[in-house]
Amino acid sequence: MRYVMTLIWSLVLVTMLNYVVSAVINVEFVLMNGIIMAVVMAVAIVVIDALLPKMPKNAHH
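Throughout the sequence shown, residue numbering follows this note's numbering, covering 1384 to 1444 in sequence.
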């Protein structure tokens, strides 16, 4: 479920960023570019999460 939510949030945020930036620099908004970037971002987030070490829940400093 967290992978699905990661993909959904990356789609929403990256597509919104793509729209705003294209409007600011006055170029055509292409939805497919935002979708491709969002999928790449979601995969990068999942990979980074898998690479980071997990801390035990009772480890308080």
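Note that beta-carbon positions come from the ideal geometry of N, C-alpha and C, so glycine has one too. On a predicted model such as this, the values are computed, not experimentally measured, just so you know.
Enumerate in chain order the residues of its own chain whose CB-to-CB distance from residue i is below 8 angstroms, with the five nearest sequence positions on each side excluded.
| i | result |
| --- | --- |
| Phe1412 | Asn1401, Tyr1402, Ser1405 and Ala1406 |
Can you check whether the CB of residue j is closer than 7 angstroms to the CB of residue i?
| i | j | result |
| --- | --- | --- |
| Leu1396 | Ala1425 | no |
Let me confirm a value: residue i is counted as buried when at least 16 other C-beta atoms fall within 10 Å, else exposed. Which label applies?
| i | result |
| --- | --- |
| Ala1427 | exposed |
Note down, in chain order, each residue of its chain lying with its Cβ closer than 6 angstroms to the Cβ of residue i, except the 5 sequence neighbours on either side.
| i | result |
| --- | --- |
| Met1420 | Val1397 |
Leaving out the 5 sequence neighbours to the left and right, which residues in its chain are closer than 7 angstroms to residue i when beta-carbon positions are compared?
| i | result |
| --- | --- |
| Leu1394 | Ile1418 and Ala1421 |
Pull up the CB-CB distance for residue i and residue j, whole angstroms please, since I reckon it's below 8 angstroms.
| i | j | result |
| --- | --- | --- |
| Tyr1386 | Val1429 | 6 angstroms |
Going by DSSP in three states, residue i sits in which element: helix, strand or coil?
| i | result |
| --- | --- |
| Met1438 | coil |
| Met1388 | helix |
| Asn1416 | helix |
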